[in-house]
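J.:
In our numbering, the protein residues as written are -16 to 48.
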């Protein structure tokens, strides 16, 4: 598949996190719901994969929902 198990798990968690953000959940709740114990790690992975923080994502893409 071209990626490690850790990379795949991160991808799955972030994909699920995006769906939860779209449903209106708070970022802190999403962190815990997708398996991150640390908000810092969630933000770091989110930004590394998507190029922006979860807050920027919410403000940019979800304000019209």
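Even glycine gets a Cβ: it sits at the ideal position worked out from N, Cα and C.
Computed from a predicted structure; not experimentally measured.
Would residue -8 be called buried (16 or more neighbouring beta carbons within 10 Å of its own) or exposed?
T.: Exposed: under 16 other Cβ atoms inside 10 Å.
J.: Can residue 37 and residue 29 be called in contact, C-beta distance under 8 Å?
T.: Yes, the pair counts as a contact, with Cβ atoms nearer than the cut-off.
J.: Under the rule that 16 or more other beta-carbon atoms within 10 Å means buried, what is residue 0, buried or exposed?
T.: The residue is buried, with at least 16 neighbouring Cβ atoms inside 10 Å.
J.: Report buried or exposed for residue -4, applying the criterion of at least 16 other Cβ atoms within 10 angstroms of its Cβ.
T.: The residue is buried, with at least 16 neighbouring Cβ atoms inside 10 Å.
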